[in-house]
Every structure is written in structure tokens, then in C-alpha cells.
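Residue numbers (our numbering): -7 to 316.
Backbone N, C-alpha and C define an ideal beta-carbon position, used for all residues, glycine too.
These numbers were taken from a predicted model, which means no experiment stands behind them.
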Ligand code: T6T
């Protein structure tokens, strides 16, 4: 009898122990909406997000548009909101145009965290402005990235000559900040002239033609900063097509696998790899922490890895190349 009673007591305490654990067993669904689906940067971000989702038992939904454009991203966002996920991670494709569409998510009680890009000023949860409602912003320090790019290009061109920025379009927080950081740093280099920025709409072919047009107008062009993956690939192709490999120096933001060849052949001097997997990982962790009652930092800054001929063969460096 005594033994039976002991078992009964054990069963009761076991129930007590198990009950709260079961309450936390809710399977959360977190949606990740990238800037576009066919970009190694966001493909890598998804992998990091999936790793965190697997570790936490979260259901991750990845849904995006095929191009980097608010006109195609907003309907995707609306469709995601209609499915009522527990949280939304999103790389907004425009600082202003995504504010009202994201407010709908927030008004529907869906927590919003922006990854890579931000809306408004990017300073959230302050009560200031009309776009401070996202809970957190997780991204590279893009102003710093632009400064790093400028210093690398200045070194590559011996601190003198004409350069320009190949950029996507105005209104994107990341690429605007990279250009800002680049120009801020270049203002300290009196021998360098920064020509007018060329906007390519995230189209590498357009970036390549623009390089050739700028070079035709400025045969003394010595460098270009490609402010994102497609801008950089396009600008580098333009340099190659113009037969200027090694003469017109290229500093690239982002690190698709093709950058390895471009670095090894001397077409690209330096590539600044972001850590998109880290952004995705901490995006999911932050959303989960919030959903389970924990406070989260309002900004999380992720790092860079600088790649050039001297280190690109090192596995500790090449592991930061983006997935395809
Ligand atoms: O550079 C990344 C990202 O940080 C930016 O917001 C948009 O372009 C990329 O996705 C690269 O194509």
C-alpha cells in the first residue's frame, strides 16, 4: 500500500511538473518576408532563420516577391497578415511605402520586427514619429559598411581620382545608408571626386551599362562602389566589358559565390560580406522571445566580413559567402 501511495504522489508531482511545460508547447508560426526571394542574401537569411526555428520548434514561413519592389511586396504582406502568423519578420523594400501596410499587421495584433531594412527612421519604440511600432530592427550597420567601402576604395586607387556609387534606388534604408557612409568618408579624401550616383533598380544589366556610360563620359574613372549584390555584380561586369579590369577598381557590397572568381581575377578588389544568416537567426530568436514573454533589444547589430585576395581562400572567411 505504501508503495502504491508513493507512486500516486509521484504521479501528482509529475503532472504538476508537466502541465506548465505543455502550456508552452504551442507551436508558433513566424513569417519571414524577404526583400525578394531570388537573392543569395535573403536565401542565406532564410537558412539562419530556419536554424533558429528548428532549434525552438517554430514553424517558419518564407514568403516574398520575385523583385525588390514595394508594389510586389505589399500584396505578399497582405496575404501573410490574412493568415495571422504569430509574428512577422520583414525586410521592408521602402522606408515610407511600407509604413501603412505594416501598421495593418501591428493593428491586427501581429508583432512586427524588421530585418535588414527599416521603416521610418529605424529608431523604434520611442513614441516618436509614425513608424516606431516595430519591436526591433536587426541588421548590419550600413553607414559603417559604406565607410568601410570608401576606405577600401580609397586605398585601392591610391587616394586620388574619380569614383561613383552604383546604387539600387532612393528610399531603401540599407543602400541609402551605405551611400551616406561612403560619401561621409570620401569627403575626408581631398584627392577623390565622387561623381553622381547611378541608380539601377536592382538590375545588374542596367548597372553594367551604366558603368560603361560613366566610363565613356569619364575615361579617367578609377573606381566604383557597388552598394548591393546586383549593383556590384553589374558594375564589375561593366568594368570587364569595358576592358578595364584592374584599372577601374571595384569594391562590392555583399558576397555571392561568384565574388570569389571576381576577386581572384582582380576584377573586384574588396567584397564586404554581411552576415545574413545571423540576421535571420536572431530575427526568429527575438520573435520567439517576445512571444514567450521575454523582453528583447530594440536593435541588434550584426557584423561584416571583409574579403579580398589575401584571405578569400581561408575557410573562416569563405564560410560567409552567401548560399545560392
Ligand atoms: O544588400 C542586400 C540587402 O542588405 C539590401 O537591403 C538589398 O540588397 C541585398 O539584398 C543584396 O542584393
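Looking at the DSSP output, residue 17 bridges to nothing. In this structure, residue 219 places its C-beta atom within 8 Å of the C-beta atom of residue 158.
With fewer than 16 other Cβ atoms from the protein chains shown falling within 10 Å of its own Cβ, residue 182 counts as exposed. If the five residues before and after residue 152 are omitted, its C-beta is found closer than 7 Å to the C-beta atoms of 183 and 184, all from its own chain and listed in chain order. In its chain, beyond the 5 residues on either side, 73 and 76 have a beta carbon closer than 8 Å to the beta carbon of residue 100.
In the three-state DSSP reduction, residue 261 falls in the coil class, being neither helix nor strand. Under the 8 Å Cβ criterion, the region 53 to 64 does not count as touching the region 280 to 294, having fewer than three qualifying pairs.
Annotation: the region 215 to 241 contains no complete segment of the beta strand (DSSP E) (minimum length 3 residues). Shown here for residue 221: same chain residues with a beta carbon closer than 7 Å to its own, the five before and five after excluded, namely 31, 32, 33, 246 and 248 in chain order.
Taking a 10 Å sphere around the C-beta of residue 92, we find fewer than 16 other C-beta atoms and assign the residue as exposed. Counting the other CB atoms within 10 Å of its CB gives residue 63 a total below 16, which places it among the exposed residues. Here residue 261 is buried: its Cβ has 16 or more other Cβ atoms, across all protein chains shown, within 10 Å. Beta-bridge annotation (DSSP): residue 299 is paired with 263. Using a Cβ distance threshold of 8 Å, residue 237 and residue 257 count as a contacting pair. In the three-state reduction of the DSSP assignment, residue 79 falls in the strand class. Residue 143 is positioned such that its CB atom lies no closer than 8 Å to that of residue 171.
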